[in-house]
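To convert, take the position in the sequence shown, counting from 1, and add 3; that gives this note's numbering. All residues carry an ideal CB built from backbone N, CA and C; glycine is no exception.
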Amino acid sequence: MKKTFLLVSAMIMAGAGISQEKYFTRDGHIKFFSSTPMEDIEADNHKVTSVLDEASGKIEFAANMKSFEFEKALMEEHFNENYVESKEYPKAVFKGSLKGFKMGDYSVKTEIIAAGTMTMHGVSKEIEIPGTIEFTGGNYHLVSKFMISPEDYNIEIPNTVRDNIAKEMEVTVDAKLGPLSKK
């Protein structure tokens with residue numbers, strides 16, 4: 004009887020493990036926007052990678068800083084060379100988990116919080132990011148909009164252009180993650 008119970012328990016656990024997957028993308032989108040009376044600055048990165056572990060709710064995003072594209076080439080050059088110093092600090096990374104995430108029905112857009120560590124420009128900070136999650140067509144769709152301060156990550160803005168760059172920037176994340184087993 005005890006052997007039968009152990010065998011049935013093992014089969015149930017193995018079956019549960021089959022449905023748990025990791026979801027992944029290489030083409031997530033991050034946009035940042037800075038608005039001042041002097042100038043609006045916007046950049047897009049469509050090469051953001053992300054992994055979501057469905058079993059644990061752990062999530063990770065990585066953005067190559069050189070993949071941000073600006074309307075003006077000079078802005079892109081200044082961004083990489085003078086501000087984020089992308090040769091020395093090539094990536095921005097968020098590692099954390101989705102608070103309250105449970106495998107299940109996210110067929111409607113549901114509010115969620117990602118809590119974890121953002122590392123950028125050599126500085127790591129604990130942050131919480133609000134967003135939404137939806138599961139449709141076999142993919143998780145994550146969307147978030149939050150504010151970030153370059154100063155918090157030791158990104159220095161020279162006084163000569165201080166009035167052109169906002170103290171806080173709006174960051175928008177939009178990523179559709181599909182099963183890793185199919186990638």
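Buried or exposed: residue i, going by 16 or more other Cβ atoms within 10 Å of its Cβ?
{"i": "Glu57", "result": "buried"}
{"i": "Pro153", "result": "buried"}
{"i": "Leu180", "result": "buried"}
{"i": "Thr192", "result": "Lying outside 4 to 186, the shown extent of the chain, residue 192 is not represented and no answer is given."}
{"i": "Gly238", "result": "Residue numbering for the chain in the displayed model covers 4 to 186; residue 238 lies beyond these limits and cannot be assessed."}
{"i": "Asn48", "result": "buried"}
{"i": "Ser59", "result": "exposed"}
{"i": "Met41", "result": "exposed"}
{"i": "Ile168", "result": "buried"}
State the start and end residues of the unbroken alpha helix (DSSP H) segment that holds residue i.
{"i": "Leu77", "result": "76-81"}
Following the continuous beta strand (DSSP E) through residue i, name the residue where it begins and the one where it ends.
{"i": "Tyr26", "result": "25-38"}
{"i": "Asp166", "result": "It is not in any beta strand (DSSP E) - Asp166 carries neither H nor E in the DSSP assignment."}
{"i": "Gly99", "result": "94-102"}
{"i": "Met106", "result": "Looking at the DSSP string, Met106 is not in any beta strand (DSSP E), and its letter there is neither H nor E."}
{"i": "Ile116", "result": "113-123"}
Could you tell me which residues DSSP puts in a beta bridge with residue i?
{"i": "Gly141", "result": "In DSSP, Gly141 forms no bridge with anything."}
{"i": "Asp43", "result": "Ser38"}
{"i": "Glu72", "result": "Asp47"}
{"i": "Tyr65", "result": "Note that residue 65 is Ala in the sequence shown, not Tyr. Answer is Thr52, Val96."}
{"i": "Asp177", "result": "His32, Val146"}
{"i": "Gly134", "result": "Ile115, Ser147"}
{"i": "Glu91", "result": "Answer by DSSP bridge pairing: none, since Glu91 is not bridged."}
{"i": "Glu129", "result": "Thr120"}
{"i": "Pro182", "result": "Tyr26"}
Using the Cα positions of residue i and residue j, report the straight-line distance between them to the nearest angstrom.
{"i": "Asn85", "j": "Ala118", "result": "29 Å"}
{"i": "Asp108", "j": "Phe138", "result": "7 Å"}
{"i": "Phe149", "j": "Ser184", "result": "31 Å"}
{"i": "Leu101", "j": "Gly141", "result": "19 Å"}
{"i": "Gly103", "j": "Ile115", "result": "8 Å"}
{"i": "Lys105", "j": "Pro182", "result": "17 Å"}
{"i": "Glu79", "j": "Ser127", "result": "24 Å"}
{"i": "Phe82", "j": "Ala46", "result": "10 Å"}
{"i": "Phe73", "j": "Lys50", "result": "14 Å"}
{"i": "Glu159", "j": "Tyr143", "result": "36 Å"}
{"i": "Asp177", "j": "Leu145", "result": "6 Å"}
{"i": "Ser89", "j": "Met123", "result": "10 Å"}
{"i": "Ala76", "j": "Thr135", "result": "33 Å"}
{"i": "Glu173", "j": "Glu24", "result": "31 Å"}
{"i": "Ser110", "j": "Lys34", "result": "25 Å"}
{"i": "Ser53", "j": "Asn162", "result": "35 Å"}
{"i": "Val87", "j": "Thr113", "result": "33 Å"}
Could you check whether the Cβ of residue i sits closer than 8 Å to any Cβ belonging to chain B?
{"i": "Ser100", "result": "Given the protein chain composition of this structure (a single chain), no chain B is represented."}
Practice item. Please determine if the region 94-107 and the region 53-72 are in contact, where contact requires at least 3 C-beta pairs separated by less than 8 Å. Key: yes
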